[in-house]
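Asks: This is the structure I want to talk about, given as structure tokens.
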Ligand code: FPP
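Numbering (this note's numbering), first residue to last: 668 to 914.
Printed below as a string of structure tokens:
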């Protein structure tokens, strides 16, 4: 069911998505899980196009979590291969559409072919000024915060910062998302109501949108519905309704 067009004057700058349900989508069709991941790539393409059309500035996709390494080796390998092939195949078109490709996560833990392909894609799209498409790969929020704490501890030991000088901004600056706006909207598909270690710090004030739709079925209309739902909410950031109505 279509809910129409989002208000172009209130488009979230940053949308984060937990793409869930590929495996169940495949199972419903008596297919192997990887078939669902392949179908998931098509959904990624549709959502990227829709975000470009709407002028979204950042789209962060949870493509592979730190916890996903625990999946059967066969599925992990197939997912990594799919990632490499998808990045290689899609980057020229993304580049034409002025999309800038970025990554968050523990890049060092990825297979060399994946690192090489990502580096190439980042280089090719480095000067693009349109949508920032951020792939979260081998990413988890706790890993990211732990890594930030390690960096700050080094600065303390080296005398570059005093404990009382550490602010929220100090921490935000050490995260993989430094210089990115926090997501206004986080979408999770497939009827799961969890954050699953995604962007733990950055989603303090994010609006969450959950849908039963399995990721391979998520399309432009589904994205529009999520944005319209977001636009109908009142974001108060701890203030009262009256306070936010004062312009
Ligand atoms: C979750 O579904 C999906 C993943 C862990 C992988 C997401 C990967 C893609 C959509 C393809 C590659 C993406 C890019 C950006 C090129 P699940 O396997 O957990 O599904 P289930 O919960 O039904 O088992």
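In this text, a Cβ means the ideal position worked out from N, Cα and C, and glycines have one as well. Predicted model, so just to flag it, every value in this text is computed and none were measured.
Using a threshold of 7 angstroms, is the CB atom of residue 671 nearer than that to any non-hydrogen atom of the ligand FPP?
Replies: Answer for residue 671: no, Cβ out of range of the ligand FPP.
Asks: Only counting runs of 3 or more residues, tell me where the beta strand (DSSP E) segments fall wholly within the segment 833 to 892, in order along the chain.
Replies: Those beta strand (DSSP E) runs which fall completely within the segment 833 to 892 and span 3+ residues are 852 to 855, 874 to 877.
Asks: Would you mind sorting residue 739 into buried or exposed? The rule is 16 or more other CB atoms within 10 Å of its CB.
Replies: When all chains shown are included, residue 739 counts as exposed.
Asks: Over what stretch of residues does the beta strand (DSSP E) that includes residue 798 continue unbroken?
Replies: Element bounds for residue 798: n/a, residue is neither H nor E.
Asks: Can you tell me whether DSSP reads residue 802 as helix, strand or coil?
Replies: In the structure shown, residue 802 sits in a strand (DSSP, three-state: E or B).
Asks: Could you say if the segment 756 to 769 and the segment 798 to 818 meet the contact criterion of at least three C-beta pairs nearer than 8 angstroms?
Replies: Yes: the two stretches touch, three or more of their Cβ pairs being nearer than 8 angstroms.
Asks: Using C-beta distances below 6 angstroms, list every residue in its chain close to residue 717, excluding the 5 sequence neighbours before and after it, in chain order.
Replies: Cβ within range, chain order: 887, 890.
Asks: Based on the DSSP secondary-structure assignment, which residues constitute the bridge partners of residue 732?
Replies: BP columns for residue 732 point to 806.
Asks: CA-CA distance, residue 773 and residue 806?
Replies: The straight-line gap from Cα to Cα measures roughly 6 angstroms.
Asks: What residues are listed by DSSP as bridge partners for residue 683?
Replies: Note: residue 683 sits in a beta bridge opposite 727, 853.
Asks: Around the C-beta of residue 893, are 16 or more other C-beta atoms found within 10 angstroms, so that it is buried, or is it exposed?
Replies: Result: buried.
Asks: Taking the beta carbon of residue 824 as the centre, do at least 16 other beta carbons fall within 10 Å, making it buried, or is it exposed?
Replies: By the neighbour-count rule (16 or more Cβ atoms within 10 Å), residue 824 is not buried but exposed.
Asks: Please find out if some non-hydrogen atom of the ligand FPP comes closer than 7 angstroms to the beta-carbon of residue 707.
Replies: At least one heavy atom of the ligand FPP is nearer than 7 angstroms to the Cβ of residue 707, so yes.
Asks: On the premise that residue 895 lies in contact with residue 671, defined as a C-beta separation below 8 angstroms, what is that separation, rounded to the nearest angstrom?
Replies: Contact flag correct, Cβ pair sits at about 7 angstroms.
Asks: From residue 816 to residue 837, what does the alpha carbon distance come to, in whole angstroms?
Replies: If you take the alpha carbons of residue 816 and residue 837, they lie about 10 angstroms apart.
Asks: Count the other C-beta atoms from every protein chain shown that fall within 10 angstroms of the C-beta of residue 869, then say buried if there are 16 or more, exposed otherwise.
Replies: By the neighbour-count rule (16 or more Cβ atoms within 10 Å), residue 869 is buried.
Asks: So if DSSP puts residue 791 in a beta bridge, which residue, or which two residues, is it bridged to?
Replies: None; residue 791 has no bridge partner.
Asks: Enumerate in chain order the residues of its own chain whose CB-to-CB distance from residue 656 is below 8 angstroms, with the five nearest sequence positions on each side excluded.
Replies: Because the chain in this structure spans residues 668 to 914, residue 656 falls outside the shown range and cannot be described.
Asks: Suppose you measure from the CA of residue 882 to the CA of residue 711; what does that come to, to the nearest Å?
Replies: Taking the straight line joining both Cα atoms gives about 9 angstroms.
Asks: Helix or strand or just coil, what does DSSP make of residue 768?
Replies: Of the three classes helix, strand and coil, the one that applies to residue 768 here is strand, per DSSP.
Asks: Where does residue 779 fall in DSSP's three states?
Replies: Residue 779: helix per DSSP, three-state reduction.
Asks: On the premise that residue 780 lies in contact with residue 751, defined as a C-beta separation below 8 angstroms, what is that separation, rounded to the nearest angstrom?
Replies: So it is a contact: roughly 5 angstroms between Cβ atoms.
Asks: Between 771, 692, 674, 696, which lies nearest to residue 845 when the distance is taken from Cα to Cα?
Replies: Here the closest residue by C-alpha is 771.
Asks: Would you grab the beta carbon distance between residue 753 and residue 791 for me? Rounded to a whole angstrom, and I think it's under 8 angstroms.
Replies: Not quite, the Cβ-Cβ distance comes to about 15 angstroms (not below 8 angstroms), so this is no contact.
Asks: With DSSP as the reference, label residue 678 as helix, strand or coil.
Replies: Three-state result, residue 678: coil.
Asks: Taking 7 angstroms as the cut-off, is the CB of residue 711 close to at least one heavy atom of the ligand FPP?
Replies: Answer for residue 711: yes, Cβ within range of the ligand FPP.
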